[in-house]
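Worksheet: one structure, shown below.
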């Protein structure tokens with residue numbers, strides 16, 4: 001176990017006893033800095049407006065995605081055939 | 091006072107954070123949820139139980155949500171048509187496959203704080219993202235329609251007219267989303283999900299021969315007889331009853347909306363494991379509940395929809411049949427709630443508009459419009475006369491299984507993306523298991539296609 005994991009409950013307990021600990025949602029609304037501390041920086045809605053960049057696909061990845069795309073379309077056609085057959089009572 | 095545990099290294103360049111002044115209603119709600127988690131972590135007594143209570147949700151909901159009306163009917167058909175044998179492990183094993191998938195999904199959501207649709211669009215671009223969304227929309231819409239068929243079928247046992255049953259189901263779906271709070275929505279959905287356990291007493295009332303059940307689970311026998319295509323359709327249907335695209339999109343978005351963080355991954359895993367266990371037992375129970383039909387030589391073909399409850403009454407009694415019908419209604423209702431949420435989350439993520447159940451309706455109109463619209467459209471389809479619902483019901487699970495491989499490959503690529511995941515990338519074991527699931531699904535799909543074409 002890492003030291004920070006081991007200490008987490010104690011840290012939390014210490015904070016819970018401190019005057020800084022918010023007590024409810026209303027207090028978090030009044031003191032947004034405490035709310036921000038409870039969340040990870042990239043968990044905040046405003047931070048999520050920025051998008052992750054594109055990941056360049058390797059050629060084998062692109063080939064695999066195309067193969068699976070063709071597979072799905074072919075399977076959808078087969079499923080459509082199954083539905084048509086079922087409708088005609090085959 | 092620095093009371094928070096050591097922050098992880100943020101892998102992404104976008105993770106710059108935001109000032110407290112920019113916090114929204116959604117952030118405050120999520121922070122309030124995290125406050126409860128911190129209190130639970132600081133507790134001296136019953137800490138694991140308190141944490142489990144707080145974190146149980148996305149994993150249980152996704153698995154019990156996937157034990158939906160078409161799935162339970164598929165399991166019941168399996169029991170009624172083939173009795174106790176090869177198909178019992180075929181029902182259980184896909185749940186292990188589903189756990190592999192959903193664990194990766196949970197981890198991806200907890201680390202990136204982004205939904206699945208958003209990540210596919212961001213990392214692979216609009217072209218591949220549009221394909222993924224098209225598959226999701228088609229699968230979700232057909233499955234959603236089948237949920238209302240299930241509700242209608244279950245309600246018909248109580249003499250409720252189809253229009254009234256579907257209307258009431260829509261009211262429940264809408265009411266659940268109007269809470270304006272993810273936590274409340276999740277607890278309501280969990281309360282509803284508990285009714286999935288009703289299939290367990292029904293199975294006990296069917297008095298299955300337990301030595302044969304345990305024998306079948308170990309030996310995978312006796313093997314089914316009949317047309318290869320029928321057997322393959324049922325295998326695909328049982329696979330599609332357990333691993334489907336909406337589960338990936340839903341759980342990741344729910345994990346994000348719940349505000350889970352990387353340090354919650356272990357407890358998130360427990361939530362997913364509990365969901366898998368409960369769903370596997372309930373799925374097995376639905377199959378066992380229907381085995382009297384097989385043992386008494388009844389044709390399962392006549393009971394593909396809601397007539398199972400009536401047909402089983404002579405063997406499981408009025409109480410058993412009533413519980414079966416209630417279980418079917420619950421299965422449809424819960425899945426309607428979770429699947430419509432998965433569609434709305436995905437649209438909100440792709441369109442970059444508010445997409446959280448922590449928003450009140452008036453402040454996230456597009457999100458709730460998709461949620462309500464998809465449910466209303468599917469419910470409407472069920473009420474149109476002469477729509478081939480039986481034909482759709484036969485293929486909806488099969489379609490879900492066939493659409494799964496590309497979803498899984500996207501998931502694998504994302505969860506192996508070190509820029510996104512940091513040290514939470516997949517290990518070799520997880521990659522091996524996930525690739526094995528993809529291969530199994532593709533091979534089953536190809537076998538189904540081959541049998542279809544030669545029949």
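Protein chains in written order, with the numbering used here: chain A, 1 to 90; chain B, 91 to 545. Every residue, glycine too, gets a C-beta built ideally from N, C-alpha and C.
On the CB-based measure, 16 or more other CB atoms within 10 Å of its CB, does residue i come out buried or exposed?
i: residue 513 of chain B; result: exposed
i: residue 270 of chain B; result: buried
i: residue 443 of chain B; result: exposed
i: residue 65 of chain A; result: buried
i: residue 386 of chain B; result: exposed
i: residue 138 of chain B; result: exposed
i: residue 478 of chain B; result: exposed
i: residue 47 of chain A; result: buried
i: residue 206 of chain B; result: buried
i: residue 348 of chain B; result: buried
i: residue 522 of chain B; result: exposed
i: residue 328 of chain B; result: buried
i: residue 143 of chain B; result: exposed
i: residue 221 of chain B; result: buried
i: residue 362 of chain B; result: buried
i: residue 273 of chain B; result: buried
i: residue 217 of chain B; result: exposed
i: residue 446 of chain B; result: buried
i: residue 75 of chain B; result: This structure leaves residue 75 of chain B out entirely; chain B is present only between 91 and 545.
i: residue 33 of chain A; result: exposed
i: residue 73 of chain A; result: exposed
For residue i and residue j, what's the separation of their Cα atoms in angstroms?
i: residue 123 of chain B; j: residue 154 of chain B; result: 23 Å
i: residue 325 of chain B; j: residue 535 of chain B; result: 10 Å
i: residue 52 of chain A; j: residue 212 of chain B; result: 5 Å
i: residue 165 of chain B; j: residue 312 of chain B; result: 17 Å
i: residue 63 of chain A; j: residue 176 of chain B; result: 36 Å
i: residue 87 of chain A; j: residue 236 of chain B; result: 17 Å
i: residue 248 of chain B; j: residue 482 of chain B; result: 24 Å
i: residue 423 of chain B; j: residue 43 of chain A; result: 31 Å
i: residue 464 of chain B; j: residue 135 of chain B; result: 44 Å
i: residue 226 of chain B; j: residue 184 of chain B; result: 20 Å
i: residue 300 of chain B; j: residue 510 of chain B; result: 48 Å
i: residue 202 of chain B; j: residue 358 of chain B; result: 14 Å
i: residue 200 of chain B; j: residue 152 of chain B; result: 16 Å
i: residue 279 of chain B; j: residue 340 of chain B; result: 13 Å
i: residue 2 of chain A; j: residue 355 of chain B; result: For residue 2 of chain A, the pLDDT reaches just 44, beneath the cut-off of 50, and the residue's location in the model is therefore unreliable, although a value from the coordinates is still provided. About 15 Å.
i: residue 101 of chain B; j: residue 316 of chain B; result: Summary for residue 101 of chain B: the model assigns pLDDT 39, below 50, so the residue's position carries little reliability, and this model does not support an answer.
i: residue 245 of chain B; j: residue 473 of chain B; result: 14 Å
i: residue 504 of chain B; j: residue 400 of chain B; result: 47 Å
i: residue 457 of chain B; j: residue 113 of chain B; result: 20 Å
i: residue 314 of chain B; j: residue 267 of chain B; result: 43 Å
i: residue 460 of chain B; j: residue 234 of chain B; result: 13 Å
i: residue 251 of chain B; j: residue 262 of chain B; result: 17 Å
i: residue 171 of chain B; j: residue 320 of chain B; result: 10 Å
i: residue 133 of chain B; j: residue 145 of chain B; result: 15 Å
i: residue 277 of chain B; j: residue 318 of chain B; result: 43 Å
i: residue 150 of chain B; j: residue 427 of chain B; result: 14 Å
i: residue 402 of chain B; j: residue 167 of chain B; result: 12 Å
i: residue 466 of chain B; j: residue 430 of chain B; result: 10 Å
i: residue 524 of chain B; j: residue 23 of chain A; result: 43 Å
i: residue 379 of chain B; j: residue 117 of chain B; result: 45 Å
i: residue 393 of chain B; j: residue 384 of chain B; result: Reliability of the predicted coordinates at residue 393 of chain B is poor, the pLDDT of 49 falling under 50, and no value is obtained from them.
i: residue 330 of chain B; j: residue 28 of chain A; result: 44 Å
Measuring only between beta-carbons, confirm whether residue i sits less than 9 Å from chain C.
i: residue 230 of chain B; result: Looking at the structure shown, chain C is missing, and the protein chains on hand are A and B.
Say yes only if the C-beta of residue i is nearer than 8 Å to one or more non-hydrogen atoms of the ligand MG, and no if none qualify.
i: residue 68 of chain A; result: This structure simply doesn't include the ligand MG, nor any ligand for that matter.
Can you list, in chain order, the residues of the stretch 322 to 349 of chain B whose Cβ is nearer than 9 Å to any Cβ on chain A? 323, 346 and 349
Would you call the stretch 409 to 426 of chain B in contact with the stretch 254 to 262 of chain B, where contact means no fewer than 3 C-beta pairs closer than 8 Å? yes
Counting Cβ pairs closer than 8 Å, one from the stretch 32 to 43 of chain A and one from the stretch 431 to 440 of chain B, do we hit at least three? no
Quick test of the definition: if touching needs 3 or more C-beta pairs under 8 Å, does the stretch 486 to 502 of chain B touch the stretch 527 to 542 of chain B? yes
Between the stretch 284 to 298 of chain B and the stretch 366 to 378 of chain B, do three or more beta carbon pairs fall short of 8 Å? yes
Would you list, in chain order, the members of the stretch 52 to 81 of chain A that have their beta-carbon closer than 9 Å to a beta-carbon of chain B? 52, 53, 54, 55, 57, 61, 64, 65, 68, 69, 71, 72, 74, 75, 76, 78, 79, 80 and 81
Contact the stretch 143 to 159 of chain B vs the stretch 237 to 249 of chain B: 3+ CB pairs below 8 Å: yes
May I ask you to list, following chain order, the residues of the stretch 163 to 191 of chain B that have a beta carbon less than 8 Å from some beta carbon of chain A? none
Proximal residues, the stretch 24 to 35 of chain A versus chain B, C-beta separation under 8 Å: 24, 25, 28, 29, 32, 33, 34 and 35
Validate contact between the stretch 290 to 298 of chain B and the stretch 399 to 418 of chain B using beta carbons, cut 8 Å, 3 pairs: yes
When you check each C-beta in the stretch 212 to 228 of chain B against every C-beta of chain A, which residues fall closer than 9 Å? 212, 213, 214, 215, 218, 221, 225 and 228
In the stretch 394 to 422 of chain B, which residues sit with their C-beta less than 7 Å from some C-beta in chain A, listed in chain order? none
Please name the residues in the stretch 110 to 122 of chain B whose beta-carbon is closer than 8 Å to at least one beta-carbon of chain A, in chain order. 110, 111, 112, 113, 114, 116, 117, 118, 119, 120, 121 and 122
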